[in-house]
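Q:
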Amino acid sequence: MRDDALSGGFTDAPVEAARAFRAALEAMARPGSLHEVAGAEAPAPLSTAAAVLLLTLCDGETPLYLAPGHDTQPVRDWIAFHVGAPLVGPGQAMFALGRWEALAPHDAYAIGTAEYPDRSVTLIVEMPELRAEGVRLTGPGIETEAHLSLPETAAFRRNAKRFPLGWDCYFTCAGRLAALPRTTRTEAL
Numbered sequence: 002m003r004d005d006a007l008s009g010g011f012t013d014a015p016v017e018a019a020r021a022f023r024a025a026l027e028a029m030a031r032p033g034s035l036h037e038v039a040g041a042e043a044p045a046p047l048s049t050a051a052a053v054l055l056l057t058l059c060d061g062e063t064p065l066y067l068a069p070g071h072d073t074q075p076v077r078d079w080i081a082f083h084v085g086a087p088l089v090g091p092g093q094a095m096f097a098l099g100r101w102e103a104l105a106p107h108d109a110y111a112i113g114t115a116e117y118p119d120r121s122v123t124l125i126v127e128m129p130e131l132r133a134e135g136v137r138l139t140g141p142g143i144e145t146e147a148h149l150s151l152p153e154t155a156a157f158r159r160n161a162k163r164f165p166l167g168w169d170c171y172f173t174c175a176g177r178l179a180a181l182p183r184t185t186r187t188e189a190l
């Protein structure tokens, strides 16, 4: 295991994890809102925000899929040391991490069942930029409308039509994160 895999986790885990968990909850509750997070650093191409989400939401019993581009030995070593999540294929993952294009096909992931809609994947999508502009968002948690720089709209529209089934998404870039639950409706402008 490389030395850089041993560094980069939370230095004050209880406090930093609580802050990160609050940011993750707020992002999912208010789709399109941007949240700054800090406290973790991981090997490239993993962003600070993605590393924070992994440290906060995953553990040794959370199956994780690494898409091509993020499935590198330094990232695997960092996850093994700091998170302990088992690495699996897309269909078995509770969380999937990578760039939007690398996570395709987006119908390869669990979307839950009628009895257990919560048994679906959460995608952590690494973005080149993340801004509160672009695609129009409406739905629960949004007073009138919000905007977010999404990679596309068609996949999110298809996903919303499957409600209560479907996947949820976090978007990360550097130290920023945003979320898009399956209940959110998207419209390209």
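In terms of the working numbering, the sequence shown opens at residue 2 and continues consecutively.
Built from N, CA and C at the ideal position, the CB exists for glycine as well.
1) Looking at C-alpha atoms only, which residue of Gly167, Val76, His148 is the closest neighbour of Ala278?
2) Which whole-angstrom value describes the C-beta separation of Leu136 and Leu151, a residue pair presumed to lie in contact below a C-beta threshold of 8 Å?
3) Distance check for Gly167 and Asp119, CA to CA, integer angstroms please.
4) Are His36 and Glu42 touching if we call contact CB-CB under 8 Å?
5) For a test of the three-state rule: what should DSSP assign to Leu124, helix, strand or coil?
6) Out of Arg132, Leu190, Gly85, which has the shortest C-alpha to C-alpha gap to Asp60?
7) Go to Asp78, then tell me how far its beta strand (DSSP E) extends in each direction, as first and last residue.
8) Kindly indicate which residue of Glu144, Glu134, Leu88, Arg183 has the alpha-carbon position closest to the one of Leu190.
9) Alpha carbon to alpha carbon, how far is Pro32 from Gly99? Give it in angstroms, no decimals.
10) Who pairs with Glu62 in a beta bridge, going by DSSP?
11) Taking only three categories from DSSP, how would you classify Leu104?
12) Consult DSSP for Leu35 and reduce its assignment to one of helix, strand or coil.
13) Buried or exposed: Gly90, going by 16 or more other Cβ atoms within 10 Å of its Cβ?
14) In the DSSP assignment, find the unbroken alpha helix (DSSP H) run with Ala111 in it and report its ends.
15) Closest by CA to Ala192, which one among Phe22, Ala45, Ala25, Arg20?
A: To lay it out plainly:
1) Residue 278 cannot be examined here, being either before or after the span of the chain that is shown, 2 to 190.
2) Reading the sequence as shown, one finds Val at residue 136 and not Leu. Their Cβ separation, rounded to whole angstroms, is 4 Å, which keeps Val136 and Leu151 in contact under 8 Å.
3) Cα-Cα distance, rounded: 9 Å.
4) Not closer than 8 Å, so no.
5) It is a strand residue.
6) Per the C-alpha coordinates, the member of Arg132, Leu190, Gly85 positioned closest to Asp60 is Gly85.
7) Asp78 -> not in any beta strand (DSSP E); alpha helix (DSSP H) instead, spanning 74-83.
8) Comparing Cα positions, the closest option is Glu134.
9) For Gly99 and Pro32, the distance between alpha carbons rounds to 20 Å.
10) DSSP output for Glu62 lists no bridge partner at all.
11) In the structure shown, Leu104 sits in coil (DSSP, three-state: anything other than H, G, I, E or B).
12) Here Leu35 sits in coil by DSSP.
13) It counts as exposed.
14) Neither: Ala111 is in no alpha helix (DSSP H) and is coded neither H nor E.
15) Within the shown structure, residues of the chain are numbered from 2 to 190, placing residue 192 beyond reach of any answer.
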